[in-house]
Amino acid sequence: GCSAAAAGSQRVRALGASARRQRCISCARQPENANTPLQSFGRQQPLSHLALHADRKRARAEDIALHGRGQKRSTQAMDAMPQAPTDPAAEALQLASTEIPEALDELGRKHDYVNDVVQWCESSYQSGDKNMVLRQTKEYLVDALEVVAKEVETTSAKLIRFLSLQNDAVEGLGLELDAVRERLALAKAQNAAKRMEALCPERKREPSRPRLEVLDDAARAEHMCTVGNYESSLQKRMTAFDAVGSKL
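Heads up: the sequence shown begins at -19 in my numbering, then just goes up one per residue.
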């Protein structure tokens, strides 16, 4: 009986030691301070799993609003967005100074998150449950790449808008240059005309003739008589030359 009891106690101790070894191995595989890629998102501020899913849902909601589905949600999102400047120059300045740099910084942070997922997969694949690590890595990468794709779409839309504004500004500048060219040609022509006028001799103006006075009836009759007398006198003088040239 004593030997059986001793054998039973030895088996219990062996099972306890085996369980302790399993717990130690499990603790070694999953250290307490180990960070998942979700916890090391951005390398600066930890991101929980709920926060990542919130980003994913927000990206999907923005995609639905962008493609015309969910009119109410799209309207609310548009109302919540800050109003863009109506002046093209002010809008281009805001894009270049604020919106595009912020979008590029956000895209860089999302890219760092993808790198964190890859590094976490490399470090956890050899020490943990390979199937679990592989499954979690796929889920994390799907979420990360979806967020990155949304940031790329947003950033590219802002860049396209900025380039469109710059193109419009260049076209407007071309029209202004054409107008300046025409005004310059007109000014040159006017200047040349003035210089040519200065080189020409000054013309003397003929004195203006006084207007004929309005004659009354008596003066008009006397004037007509004078004209008639002059014509008859001229006719008499011309008749003296009637025979000239008729005889050789």
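Each residue gets a CB set at the ideal place from its N, CA and C atoms; glycine is no exception.
Predicted, not measured: the structure shown is a model, and the values here were computed from it.
Which residue's Cα is closest to the Cα of Lys229: Gln215, Ala72 and Met218? Since the first and last residues shown for the chain are -19 and 228, residue 229 lies out of range.
Assuming Leu145 contacts Pro68 under a Cβ cut-off of 8 Å, what Cβ separation, rounded to an integer in Å, is found between them? Right, their Cβ atoms sit about 5 Å apart.
Enclosing alpha helix (DSSP H) for Pro230 [first to last residue]: Shown here, the chain extends from -19 to 228; a query on residue 230 therefore has no answer.
Answer yes if the stretch 87 to 107 comes into contact with the stretch 155 to 167, meaning at least three C-beta pairs across the two stretches below 8 Å, and no otherwise. Short answer: they don't touch.
Going by CA-CA distance only, name the one from Lys90, Ser212 and Val113 that's closest to Trp100. For Trp100, the nearest C-alpha among the options comes from Val113.
Can you confirm whether the stretch 108 to 128 touches the stretch 152 to 163 when touching is taken to mean that 3 or more C-beta pairs between the two stretches lie within less than 8 Å? Because the criterion of three Cβ pairs below 8 Å is not met, the stretch 152 to 163 and the stretch 108 to 128 do not touch.
Check for me: the alpha helix (DSSP H) holding Leu179 runs from which residue to which? Looking at the DSSP string, the run of the alpha helix (DSSP H) that includes Leu179 is Lys110 to Leu179.
At what residues does the alpha helix (DSSP H) containing Glu82 begin and finish? Annotation for Glu82: the continuous alpha helix (DSSP H) segment containing it runs Ile80 to Tyr105.
Span separating the alpha-carbon of Ala70 from that of Glu79: In a straight line, the C-alpha of Ala70 is about 12 Å away from that of Glu79.
At least three beta-carbon pairs within less than 8 Å, the stretch 148 to 158 to the stretch 126 to 137: Counting Cβ pairs under 8 Å, fewer than three are found: no touch.
Can you list, in chain order, the residues of its chain whose CB lies under 7 Å from that of Ser213, leaving out five sequence neighbours each side? Nothing meets the Cβ criterion.
For Thr219, the three-state DSSP class (helix, strand or coil): Shown here, Thr219 sits in a helix according to DSSP, grouped into three states.
State buried or exposed for Asp85, treating a residue as buried only when at least 16 other CB atoms are found within 10 Å of its CB. With fewer than 16 other Cβ atoms within 10 Å, it is exposed.
Can you tell me whether Val127 is buried or exposed, with buried defined as 16 or more other CB within 10 angstroms of its CB? By the 10 Å Cβ count, Val127 comes out buried.
Terminal residues of the alpha helix (DSSP H) in which Leu73 lies: First-last of the alpha helix (DSSP H) with Leu73: Pro68 to Gln74.
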